[in-house]
Structures are given as C-alpha cells and as structure tokens.
Amino acid sequence: MAGDGCVADIFQEVDEELRADRARRMLLRYGGWLAAAALLVVIATGAWQYRHWRQQKSTEKLAAVYFDGIRALSAQPPDHKKALAAFADVAARASGGYRALAEFQEAALTADDGNLAGAVAIWDRLAGDARLDPLLTQLAALLAVQRQIDSADPAQLAARLQPLLAADDPYRPLAEELSALLALRQGKTDQAKATLRALSQEPTAPPGLRQRASAFLVELGG
Numbered sequence: 001m002a003g004d005g006c007v008a009d010i011f012q013e014v015d016e017e018l019r020a021d022r023a024r025r026m027l028l029r030y031g032g033w034l035a036a037a038a039l040l041v042v043i044a045t046g047a048w049q050y051r052h053w054r055q056q057k058s059t060e061k062l063a064a065v066y067f068d069g070i071r072a073l074s075a076q077p078p079d080h081k082k083a084l085a086a087f088a089d090v091a092a093r094a095s096g097g098y099r100a101l102a103e104f105q106e107a108a109l110t111a112d113d114g115n116l117a118g119a120v121a122i123w124d125r126l127a128g129d130a131r132l133d134p135l136l137t138q139l140a141a142l143l144a145v146q147r148q149i150d151s152a153d154p155a156q157l158a159a160r161l162q163p164l165l166a167a168d169d170p171y172r173p174l175a176e177e178l179s180a181l182l183a184l185r186q187g188k189t190d191q192a193k194a195t196l197r198a199l200s201q202e203p204t205a206p207p208g209l210r211q212r213a214s215a216f217l218v219e220l221g222g
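The numbering used here applies: residue 1 is where the sequence shown begins, and numbers increase by one.
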C-alpha cells in the first residue's frame, strides 16, 4: 500500500510538471497577446476616464459661459450683445440640456434684436430635434407661432398649433390663446370669443392666462 502511495505521488508530480510545462509553453506562445490585451484594457480604461474628465471639464466651462450670458442679461443696462455671443458659443459647442437652453436664449435675443427669421430658424431646429424632451420641442413650436402670430401665413400657423391643441397636451391652454388671436386676425370674432370664453373657465389653465382671456372678452364685448 505504501508503494501505491509513492507511485501516486510520482504520478501527481509528473502531472503537475506537465501542467506547469503546458502553462510555460502557453505563456511563451500567447504571453505577448495576453500582455497586449491587458495593456489595451488599461489604455481603454484610462482613455474612458480621461474622456469623462474632459467632458466634465468641458461642461463646467460651457456652464460658466452660459451663466456669463445670464449675468449679461441681468446687468443694468442689459448687455444683449455679450449675452447673445455667450449663448451662441454654448449652443455651438455644447450638447444636451445646455445646448437647448442656450438655443432658446439665443432665439429670444435674436428675435428681440429684430431678426425674426433667424429666431424662427432656431425654434424650428429645436422643434424638430428628436433627441430633446417633447416638452422642449413643443415649447419651441409654440414660441415660433407666438412670435409670428401677426405676420406668418395663418393656415401654416394653425397647422403648427393643431398638435398642441390635443386634450392632454401641457401647452393646450397657451395654444388655445394663440388660436383665439389667430382667429381675430382672420376676422373670425365669434370663434375667437368662444375660444376665449372656454379658456377663461378652464380649470387647468394658469390663473394669469384665464385672466387674460377674460380681459380679451371684455375688450371684444363679451
């Protein structure tokens, strides 16, 4: 029995030697590839961390530029030129939320400076951006109609308002107000009155909007 144990020990040692030899040969054969793969993992991890750091720093810089624009607007007197330059810079270089916020600001200032066509182009671009939250795309469409309510083709404006008049749309009360103004522009006074009357009694409409609707009704003779 003791001899059997010695034989077993010898076989175990031989087996271990064979495994060690196979491991050495595999290391010689594939060691370079394994080292390269490990290096690639390290490089990829480092590159991801570096990109993340760069993105974070870039976002911080763009946020600073954005708030420079806000401060320029809050100055006395407001510096529209400086603010517009800041927002345009952020809109050109940022992505996601900061880009959208900057473009909304840029569009408003562009319109205030008398370049309505330029502002509408920005709102239209925002309205058609599928990457944005629907609340933002719908707001852009609403603002484009609002700023053109006295100038653009009534049929086109009405078509743009139509999706916003859905019962569950959060901008429906504002879209109804614009629909009433559009009806007045087209001489459809009775239609405008009916819309304003319903809007003045709409519980989901903001109080200020209901008050405006009531004031319009008074001016129109009820």
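Note that CB positions come from ideal geometry on N, CA and C, so glycine has one too.
All figures in this text were calculated on a predicted structure; none of them were measured in a lab.
Taking all protein chains shown into account, residue 119 has 16 or more neighbouring C-beta atoms within 10 Å of its C-beta and is therefore buried. Leaving aside the five residues that flank residue 209 on each side, the residues in its chain whose CB is nearer than 6 Å to its CB run, in chain order, 173.
For residue 204, no alpha helix (DSSP H) segment is defined, and its DSSP state is neither H nor E. Taking the CA atoms as reference points, residue 164 sits about 33 Å from residue 71. The residue from 150, 220, 170, 158 with its alpha-carbon nearest to that of residue 135 is 170. Residue 145 is a Cβ neighbour of residue 178, given a cutoff of 7 Å. Contact between residue 192 and residue 220 is confirmed by a C-beta separation of about 7 Å, below the 8 Å threshold. Residue 156 carries a helical assignment under DSSP once its states are collapsed to helix, strand and coil. DSSP places residue 147 in the uninterrupted alpha helix (DSSP H) bounded by 134-147. Scanning its chain for C-beta atoms nearer than 7 Å, with the 5 sequence neighbours on each side dropped, one finds around residue 63 the residues 98, in chain order. Comparing alpha-carbon positions, the option among 211, 199, 154 lying closest to residue 186 turns out to be 154. The closest CA to that of residue 65, considering only 161, 132, 216, 93, is found on 93. Taking C-beta atoms under 8 Å as the contact rule, residue 109 and residue 84 qualify, at a distance of about 5 Å.
Look at residue 198 here: in three-state DSSP terms it is helix.
Here residue 96 is exposed: its Cβ has fewer than 16 other Cβ atoms, across all protein chains shown, within 10 Å.
Sixteen is the threshold: when 16 or more other Cβ atoms of the shown chains lie within 10 Å of the Cβ of residue 103, as they do, the residue is buried. Judged by DSSP in its simplified three-state form, residue 181 adopts helix. Per DSSP, residue 93 is one residue of the alpha helix (DSSP H) stretching across 80-93.
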